[in-house]
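Take 2 as the starting number for the sequence shown in the numbering used here and just add one per residue. All residues carry an ideal CB built from backbone N, CA and C; glycine is no exception. This report concerns only the one structure given below.
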Amino acid sequence: MCGIVGYIGGEQAAPILLNGLTKLEYRGYDSAGIAVFDGREIRMEKVSGRLQRLKEATGNGAALPGTIGIGHTRWATHGSPSDTNAHPHFNKDRSIVVVHNGIIENYVRLKQHLEKHGYEFVSETDTEVLAHLLDYYYGRTKNPLSALCRVMQKVEGSYALGILFKDYPDTIYAARKDSPLIVGSSRDGNFIASDVPAILQYTRDVFYMENEEIAVLTRDVVSFYSMDEEPVEKSPVHIDWDVNAAEKGGYEHFLLKEIYEQPRAVRDTLSPRIRGGQIVIEELGMSDEEIRSIDKIMIVACGSAYHTGVMAKYIFEGVARVPVEVDLASEYRYRDPIFGARTLVIVVSQSGETADSLAALRESRAHGQKVLGIVNVVGSSIAREADNVMYTWAGPEISVATTKAYSAQLAAFYLLAMKFGQARGALEDSVFSEMLASLEKLPDQMEEILKNRESIQRFANRYLAAEHIFFIGRGIDYAISMEGSLKLKEISYIHSEAYAAGELKHGTISLIEEGTLVVAVATQEKLYLKMTSNIEEVKTRGAFVMALTNEGNKDIEKVSDFTLYVPETNRYFAGSLAIIPLQLFAYYVSLGRGLDVDKPRNLAKSVTVE
Ligand code: AGP
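Right, dumping it as structure tokens:
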């Protein structure tokens, strides 16, 4: 996510802004900038790359004198990392400047509206729309608060905003919807920030802004308003975290923080692409006719991204009736794959820099194949070299073991499969509508599961000394078992295998002995009976079985030793819910074993070597 800092008080603003942005570096970013009012005009400096470049460009802030300013570290979502796309963004006459964290989902329509009114754009960002829209409404209201309220009524999507108006040099305006924003108050001035670490050294008294609230900060007073310009009373919260805990938003590890960010990552990936009851994936770059012409999809990736591909095979073939091959990128390149003129290659990668996946992309393109990237890091190598890229908007993922990016990748595949199903006439409208309703409910259901982590923590603590743990499932549940097993191995160092439940009896079941933990994933109703018999198979050989199934499936509880339930959803989306207890199980086993949850031994966040 982007980082925002703002300050107004008796001190020079620029050093405080740079220091605050430094404290937000952990969030991941690709460019940075600050804007300061020097008494006559608003001066700005912004650069792509590291914050150090900005510090050098501004003489650690000395080049931008003034006691009121806003700053930003950008995590690109619309428009690759560049000086021009960095924030802050000005209106045309540089009388208004804005920084933004979030996604303006209707920015294309707003941009077209503004261009019709003569506005010109210099960047590729969605954020620049806000600067011109503020200009548009300020020109009509001559009141910053009214102008901001009008903008908030027009904008769809998520935002945390910091704004300066040259005509109001003693005031910072801020607003939020879905993207976090806090206000800090102290004797030496007042602050806005995306997160507590940015201002913790200046104040521990903060106001957490609610959705669609506006903050107005002067040197001495902080006021809050609703979108109707009505005053809002708020009480400050005293923060007693240390800085280290603050960077994780109060969570003990980035991994847990990112597990809990999954509903938002899925919501941010889905909602901009669901409009008026239809799925709109502009970045796909394919007409319905071109989609119909595809006779094979090849999904290529590594690790967890590969597991989303295994899941996608079941979904594409079930929903869109298009044949899908899934390959490990490191295998794909050397098996001399058979390409076809009507094959679509999809390369999935969180980092967009995984050497094996990048090489597989290049191999595919060298054979004239059309490649779609599903990538989390904007402007990364895979994103740049694919013919088209569908971004997952999970925000920066810090923990080495992926969670929220994985979930966002699944969400991207749901959209693609449904889009393909519709275009190919394989998905009836009534079924499409039901699936879309289930899809839009998914983030809320994920949040429900996340509320009950205590039982998983207790169960995990019983298996800290385990040497072997097996995950079994059928179909989509087999794909989920793969990811659950990898999560456990990555961060707890316990040996684990995921097995197609129906295949276990063909050899591997010989490894099951008294007390072996077997995690049986059973979300697919048509396979419940088969899974029940597979559970009985391992139970008779001494296994202890943790079943993971849908609410209401009480039968499997009768044959299992410990049963976890997830809410009912469309069978194709069940993996997004079932993976959460497995992520939490792996997290608590690792925690209980006293291991480095966020930086496991031998692993790198992005494997840029083959
Ligand atoms: C997942 O938890 C691992 N960190 C690893 O398997 C990862 O998924 C794999 O290296 C692929 O990374 P990518 O998505 O950045 O390409």
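Within the present structure, is the beta-carbon of residue 564 separated from the nearest heavy atom of the ligand AGP by less than 6 Å? no
Three-state secondary structure assigned by DSSP to residue 238: strand
In this structure, what does DSSP give as the bridge partners for residue 44? 37
Minimum C-alpha distance to residue 207 - residue among 133, 29 and 192: 192
Residue range of the unbroken alpha helix (DSSP H) whose run includes residue 499: Looking at the DSSP string, residue 499 is not in any alpha helix (DSSP H); the run it does join, the beta strand (DSSP E), is 496-501.
I want to check one thing, is the minimum distance from the CB of residue 99 to the heavy atoms of the ligand AGP below 6 Å? no
Could you say which of 113, 570, 187 and 72 lies nearest to residue 223 if we only look at CA atoms? 187
Nearest to residue 447 by CA position, among 430, 96, 584 and 288, is which residue? 584
Would residue 112 pass as a contact of residue 130 if the rule is Cβ separation under 7 Å? yes
Own chain partners of residue 558 with C-beta closer than 6 Å, once the 5 adjacent residues on each side are dropped: 564
Selection from 49, 42, 27 and 438 that minimises the alpha carbon distance to residue 34: 49
Based on DSSP bridge pairs, tell me the residues matched to residue 346. 299 and 372
Looking at residue 309 and the ligand AGP, is the gap between the Cβ and the nearest heavy atom below 6 Å? no
Determine the closest residue to residue 170 out of 138, 68 and 194, with distance taken between C-alpha atoms. 68
Confirm, please, whether the CB-CB distance from residue 310 to residue 302 is below 7 Å. yes
Is any non-hydrogen atom of the ligand AGP found closer than 6 Å to the C-beta of residue 584, if you look at the structure I gave you? no
On the DSSP letters alone, give me the boundaries of the beta strand (DSSP E) that residue 75 sits inside. 69-75
Range covered by the alpha helix (DSSP H) that runs through residue 133: 129-142
Taking the straight line between their C-alpha atoms, what separation do you get for residue 418 and residue 313? 8 Å
Which residue wins for smallest C-alpha separation from residue 552, given the options 544, 500 and 529? 529
Using a 10 Å radius around the Cβ and a threshold of 16 neighbouring Cβ atoms, would you call residue 511 buried or exposed? exposed
Hey, how far is the Cα of residue 257 from the Cα of residue 588? 7 Å
Who are the near neighbours of residue 449 in its chain, counting only those whose CB is closer than 7 Å to its CB and skipping five residues on each side? 568
For residue 91, tell me which candidate among 108, 18, 26 and 167 has the shortest Cα-Cα distance. 167
Is the beta carbon of residue 476 sitting closer than 7 Å to the one on residue 515? no
Please identify the residue among 468, 595 and 389 whose C-alpha is closest to the C-alpha of residue 283. 389
If you draw a straight line from the alpha carbon of residue 518 to that of residue 556, how long is it in whole angstroms? 20 Å
Alpha-carbon to alpha-carbon, residue 540 and residue 509: 14 Å
CB of residue 549 within 7 Å of CB of residue 522, strictly: yes
Taking the beta strand (DSSP E) that residue 472 belongs to, which residues open and close that run? 469-474
Please classify residue 618 as buried or exposed, where buried requires at least 16 neighbouring CB atoms within 10 angstroms. In the structure as shown, the chain starts at 2 and stops at 611, and residue 618 therefore has no counterpart that could be examined.
Indicate, with yes or no, if the ligand AGP has a heavy atom lying under 6 Å from the CB of residue 486. no
Is it buried or exposed, residue 70, if we count other Cβ atoms within 10 angstroms and call 16 or more buried? buried
How should residue 101 be labelled, buried or exposed, when 16 other C-beta atoms within 10 angstroms of its C-beta is the threshold for buried? buried
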